[in-house]
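Working notes, beginning with the structure itself.
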Amino acid sequence: MSNVSYHISNLLEKMTSTDKDFRFMATNDLMLELQKDSIKLDEDSERKVVTMLLRLLEDKNGEVQNLAVKCLAPLVSKVKEPQVETMVDTLCSNMMSNKEQLRDISSMGLKTVIAELPLSSTGVNLTTAVCKKITSQLIGAMGKQEDVSVQLEALDILSDMLGRLSGALVGFHGSLLSSLLPQLTSPRMAVRKRSILALGHLVPCCSPDLFSQLTGHLMTELAKAPNTSLSRTYVQCLATVSRQGGHRVGEHLEKLIPMVVKLTSAEDDELTEYCFQAFEAFIRRCPKEMSPHISTVTQLCLKFMTYDPNYNYDDEEEGSMGAEDDFGEESDDEYSDDEDMSWKVRRSSIKCLEALIHARRDLLLSFYSSLCPALLSRFKEREENVRADVFSAFSTLLKQTRVRSGHVGLISEQGGAGEEEPTAALLKKQVPMIVKALHKQLKDKSVKSRQGCFSVLTELAHTVPGALEEHIPALIPGLVFSLTDKSTSSTMRIDALSFFHVLLLSHRPEAFQPHMQVLLPPVVACVEDSFYKITSEALLVTQQLVKVMRPLDQTKGFDPKPFVKEVFSSTMKRLKATDIDQEVKERAISCMGHIVCHLGDHLGAELQAVFSIFLERLKNEITRLTTVRTFTLMTASPLKIDLSSVLPEALSVLGSFLRKNQRTLKLGTLACLTALVSHQASSIKAVALEPVLSELPPLVDESDMHVSQLSITLLTCMAKACPPSLTKISSSVLPEVFKLVHSPLLQGGALAAILDFLQALVLSKTSNLGYSQLLKSLMEPFHSPQCLADIHRQSYHSVARCVAALCTVCPKETPGTVSSLLQQVKSRSSSESARVLALWCLGEVGRSGSLGGSKEVQAVILEAFSSSSSEEIKTAASCALGSMAVGSLNDYLPFMLKEIASQPKRQYLLLHSLKEVISACPASSLSPHLESIWALLFQNAQCPEEGTRNLVAECLGKLTLVNPEQLLLRLKQQLKEGSALARCTVVTAVKFTIVDHPAPIDALLKDYIGEFLSTLKDEDINVRRVALVMFNSAAHNKPSLIRGLLPKVLPHLYQETQIRKDLIREVEMGPFKHTVDDGLDVRKAAFECMYTLLDSCLEGLDVLQFLDHVEEGLKDHYDIRMLTFLMVARLASLCPAAVLQRLDRLVEPLKATCTTKVKADSVKQEFEKQEELRRSAMRAVAALLAVPEVERSPSMAEFANLIHTNADMASIYKSVRGGDTAGLGPAEGMDLG
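For reference, each letter of the sequence shown is one residue, going 685 to 1917 in my numbering.
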C-alpha cells in the first residue's frame, strides 16, 4: 500500500510542475495506474488525487485538461462516495462558469462520470446520491435563460443521464418534467430540440401518471392552435414521445390523431413533415390502436407523396420500353431549388407508408389496390433521396408478400399444386407496370437510383419466381449498362451481378439463351476484374450461365459451342491463380466443375490440365471440401466424363479424408466416393478401394446415423459395381453393420440403406457371405435367454425388415425360413426374445405376400394371442397379423374381422392389426371391404375403454381417407346422432384425416371442419378436450383449414384456458386430502393449441388478447406453466412490440417462479420439478432480455439485476444461455455487470 501511495504522491507532485510536458506525462502515468484493477487508494490519496485532477481541469494546456477528464472515468470506481460527490459538485459549479473553455471541459467531465456510475445493486446508493446532486444543479442551470450555452450543456448532460440512469432518477422525474416542458417554448431552436431529446429519454421509465401529464400538456398546447414554430416543436416532441414510449401513446390516439391531421393542412412543409413522422411513430408503436385511423393516414400519405409545387411531372414523357431510349439525358437535378423543402414532405409521407406496410401485413391485399399503383407512379420522383425511399417502401411491400406466401407455401395447402396466394397473384398482374416504371431508370446516371431498381427487381424475382420472364429483353440493356459503365462503382456492379444471379436462378434457361451473346461478355469481364468481390460474384453468375447454356435435362436446342472458349479461359485463369482470395478460389473451383459437368465434351485436351489442378486443390486443406463437392458433380454428369487419369490418386486422398475429424468433409467425401464407384466402376480396381474400405468400420456407428447411412450406401455401390472389393468385409465393416441393425436408434434412411446393402451383398455372391450366414448373424443375439431385457422393440423391427429383404431376393430360401420361424414360435423351448423375433419376421415376410393364406400361420397367431402370458409376444403377434394381411388381404382380412367381432378379450390387439392394414393398404384393395370394416368399427365406437376407443377412431380416420366423399359425410351425421363417447370417437377420427401432406380430402375437410369444431361448445368436457386436440392437429398440419374460422373458434379456445372451480374436487386418501382438477387436461389441450397457432396462424391472432391468456397460464399448473414459458420466449421473438407492452405483467410470474423454493422436507420429484420450472422460466427471461429496448422497463431492469446478484439464479441463467451471461445486458442500460 505504501508503495502505491508513494508512487501516487510523486505523480501528484510532478503535476504541479510549471513544465506542461511534466504535467502531461504525470497525468498520463496516473491514468495508467488508475486503469489497473489491482490498485487500491487510501483515503488521503483519494482526496489528493481528486483535488489535483479537478485543479488540472483548469490547466492552461488543453492536452493536460483532456487527460484529466480521461482520468475521471477509472477514478469513479476507485474512490469512495464522498470523493465522487466532491468531483460532481466541482464539475457542476464549473459548468456554470463564465469561462467557456472551463465550462466545456467540466461538461465533458460530468458526462464521463455519468457513463461510469455503477448500475449494479452494490453501487446503487452511490449512483442515486450522485444523480440527486447533478439533477438539482442541472435543473437550476436549465433555468438560466440569459446563457443559452449553459442551458444546452445542462440539457445534453441530462439526456445522457436519463438515457443511462433513468431508474435511479425516479424521484426526480416529476421535477424534471416540470423543468423540461417550459423549455419547449424557448426562443432558441437548439434548446427546444435538446429538451425534446431529454423528454424522449425520460418517457420509457416514467410513471403512467407522468406520461399522461406529458401527453396531456402537448395536447392542451396543440389545441390552443399556437404559431407554426411552436406547433412544429410540439408535433416533433409527440413523435419522439411515441417512438420512446411505445404502446403507452395508444390510449391517447383518439384525441391526438385529429389534431395532427388538422395540422397537415397548415401550409408549412416542415410542420407537415413532422406530422408524418408522428404518424409513422404511431403506426410502428401502436399498430392495433391505429386501426380506426389507418384509412385517414393512408389518404394523407397518398396525397402528400405527390406534393411537389415547384415541378410539373405531366410534361415528362414516359418513354417507350424499347432498348433504344435515350437514357443518357441529363438528370433532373436542375429542377431542385435550395429553398424547396417539399421533398421532405414527400419523403416523410413515403416513410409513413412503409411503416404501415411493415406493421399491418394483415392489410396486404388492400395495399395492392390502394398503395401499389401510387408507389409505382412515384418511381419517376425527381429527388434522388426520395426516390430511394420509394424503392425501399416498394421493396417492403414485396418482402411482406414473400413472407406471407412463403409461410403458406411451407404448409401443405389444398390438394395438388396448391392455391396461389392472392397477394402473389395481384403482384403478378403488376409486373409489367413495375418493369415499365424501372426500365428507364436502370440506365440513370444516379448510382443510388440504379441500386434501388436492382433492389426492387431482386425482391420481385424472389417473391414471384418466373414472373419477369417475358420482360427479360427489356431488363438486359440496363443490366449490361451497370456491368460495363466505366464510371460505375464496385458496389453497383456487385448489386447488378447479385440481381442477375437471382434472375438466373428464378427463371427458365430458355429465357436467357437467345441473349447469351450480349450477356456473357460483361460477366466474363467482371470475372477478370481486380476487385475480389466482383470476381467472386461474377463466378457465381458464370456458373449459373453455364447451366443455362446447356441444362442437363435438355439434350437438344441451344448450341453452347461459340461461348465455351470464352467462359473456360476466364475461369481457368482464376482457377490457376494461387495468390487470390479464398472465396474466389472456391468459386473458381465450383464454376470450373460446372463447366466440366455441362460442357466437358467441348473441352477436349484441356480436361487433363483441369483435372491436374483439381487434384492439387484436393490435397490443399483450405480448398479440399469445395473440390470434393466438385468431383461429385463431375462424376455424376450425364456426359460421362472420363476421370481415369486422376482416379487412383484421388481415391487414395479421399480415403484419407474419412479419418479427419471434420463432419462436413466426411459427408462430402462419402457422397463423392459413392458417385465415383457408381459412375466410374470400369476404371476402378478392387485394390484401389482397399484404403477406403479400411476407413469405413469406425464410421458405421449409431452415434452418427447420417454418416452411417452414407457409409452403407457406399458399401452397397461397391457390392453392385465392384463385388471383388468386398471379399474381406466379414472381418472388418460387416460386424459394425450388424451392431447397427441391433441398435434401438436405427430407422428411416439408415435402415433403408442397410436393407439395400444386404440385398446387394447376397446378390453379389461374394464368398462366405451367403443367405444363411447373413440370416444367422442377424438373428443370433435374440436366441440367448437373458437378452430380452437388453433388446429394444425397434431392434426386432429392424432385424425383421432385414430378414424380409433377404427373402425377397432369395425366393427359393423363403419356404425353409418360414417353416423355421413357425417352429420357433410354436416351440416352448425357444426363448421369449426368439419367439417375438420370429413373429415380427413372419409379419414382414408376409407383407410381401409370400405366405399366402396359410391356415397354419393363422393358428400360430391365434395361439400366441391366447396361450401366451407375455405382452411382448401378443403385441408381436398383433403386428405380424396386420403385416400379413397387408400382403394377402383377401386371405386374412375376413378372418381378422370375424375375430374382432367374436373375441372381445383380444379386441385391442386385433384392432392394432386392423390399423396396420388400413394404414398400409392402397385404397383400391380396401374398397371391397369398406362397408364391413366401417360397420364393425362403429359397433365399438362407444366402448367405455378409452384406449380401444382411440384405436377405433384412428382406424375410422384412416379409413375415411379411402373414400372421403362418402365417409366424411357419415362421420358428420354420427356427430349429431351419437352419445358423448361416440362424439369423442368421431372428433378423434377427424383428427386422423388431417395429414401433413396434400390429400384429396382437404377440400371436403375445409367445408366440414367448422361443424366438427362446433364440438368445442359441447357440454361434455371430454368431447371439448378431443375437439381441442383435433383443432391443434389442423393448426399444425393444415393451417389453411382453420384460418378462416379463427374469429369464431378463438373465444371458445380462450374460454377453455380458464381455471374452473366447479371442476376442482378434494379426494381423501387415508389421512390426507388430495386436490384433483378435472379441467387440467382440457386447459393443457387449449394452451397446446395456442402454442401451435403462434407458428401457423400468427396473423389471425390479436396478440394482446392472446397475451392476456398467456399471463394467466404463467400462474397455472406445472405443465401449463412449462408451455406458457415456451410461448413467452416464442412471442418475444415473433412480436417484440406487443411483449414490451405487457412486459411488467409478464415479469412478475416469471420472477415468482425463479425465486420460489421447495420446502426442505419435500420429496425428490418436487425438487426436480421446481428446478425444471426455474430453468424453463429462465429461458423465457433470456428471450425477453434479447428483445430490443427491453432495458426501458424498470421492472425488467430490477429483475435482471436480481438475477445477476443472486448466485443461484445467475448460474441457472448462465447454463440456459450456454455459459454466456452477457445477455443480462442487451444494451448499455441493461449492463448490470
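All residues carry an ideal CB built from backbone N, CA and C; glycine is no exception. What you are looking at is a predicted structure, and each value in this text was computed from that prediction instead of being measured.
Asked	Found
Extent of the continuous beta strand (DSSP E) run through histidine 1758	1756-1761
Buried or exposed by the 16-neighbour rule on C-beta atoms within 10 Å, applied to glycine 1003	At glycine 1003 the pLDDT is 42, less than 50, meaning the model places this residue with poor confidence and gives no usable figure here.
Straight-line Cα distance separating serine 1461 from alanine 1484	13 Å
Cβ contact check for the region 1233-1244 and the region 1174-1188: 3 or more pairs under 8 Å	no
Any beta strand (DSSP E) of 3 or more consecutive residues that is wholly inside the region 1813-1857	none
According to DSSP, residues forming a beta bridge with arginine 1531	For arginine 1531, which the question treats as bridged, DSSP gives no partner whatsoever.
Beta-carbon contacts of glutamate 1912 that lie in its chain and below 7 Å, excluding the five residues immediately before and after	Bear in mind that a pLDDT of 36 at glutamate 1912, under 50, signals an unreliable position, so the model cannot answer this.
Minimum length 4: unbroken alpha helix (DSSP H) runs contained in the region 1209-1285	1216-1233, 1245-1260 and 1266-1283
Within 8 Å, strictly: CB atoms of valine 1148 and leucine 1122	no
Three-way DSSP call (helix, strand, coil) for glutamate 1750 in this model	strand
Candidates Ala1151, Arg1347, Gln1364 and Ile1306: closest to methionine 1318 by CA position	Gln1364
Buried or exposed (CB count within 10 angstroms, at least 16 for buried), serine 862	exposed
Where tyrosine 958 falls, given that 16 or more other Cβ within 10 Å makes a residue buried	buried
Spatially closest choice to glycine 1150 from Pro1161, Glu1194, Lys1127 and Ala1619, by CA coordinates	Glu1194
Backbone secondary structure at isoleucine 1685 - three-state DSSP	coil
Test item: CB-CB of glutamate 1750 and threonine 1759 under 8 Å	yes
Classification of valine 768 by the beta-carbon crowding that lies within 10 angstroms, buried from 16 upward	buried
For isoleucine 1368, the three-state DSSP class (helix, strand or coil)	coil
Alpha-carbon to alpha-carbon, leucine 886 and serine 1054	38 Å
Contact the region 1864-1876 vs the region 1806-1819: 3+ CB pairs below 8 Å	yes
Any non-hydrogen atom of the ligand NAP within 7 Å of glycine 1763 CB	The ligand NAP is not among the ligands present in this structure, which contains no ligands whatsoever.
Cβ pair leucine 937, methionine 974 closer than 8 Å	yes
Other residues of its chain near valine 1544: CB distance less than 7 Å, five sequence neighbours each side excluded	Leu1506, Val1509 and Lys1510
Own chain partners of leucine 1447 with C-beta closer than 7 Å, once the 5 adjacent residues on each side are dropped	Val1493
Bounding residues of the alpha helix (DSSP H) (the contiguous stretch that carries isoleucine 1325)	Counting along the chain, isoleucine 1325 falls outside any alpha helix (DSSP H), and DSSP gives it neither H nor E.
Among Thr1669, Met943, Pro1157 and Lys1127, the one whose alpha carbon lies nearest that of serine 658	Residue 658 lies beyond the stretch modelled for the chain, which goes from 685 to 1917, so this question has no answer here.
Helix, strand or coil at lysine 1799 [DSSP, three-state]	coil
Contacting residues, own chain, Cβ-Cβ under 6 Å from arginine 787 (five flanking each side not counted)	Met779 and Ser781
Distance, glutamate 1528 Cα to leucine 1435 Cα	14 Å
Run of the alpha helix (DSSP H) containing cysteine 921, from where it starts to where it stops	912-929
Coil, strand or helix - leucine 1055 by DSSP	coil
Host alpha helix (DSSP H) of aspartate 728 (start-end)	727-740
For aspartate 1779, the three-state DSSP class (helix, strand or coil)	helix
DSSP-derived helix/strand/coil call for aspartate 743	coil
Start-to-end residues for the alpha helix (DSSP H) that takes in lysine 1142	In the sequence on display, residue 1142 carries threonine and not lysine. 1131-1147 is the extent of the alpha helix (DSSP H) around threonine 1142.
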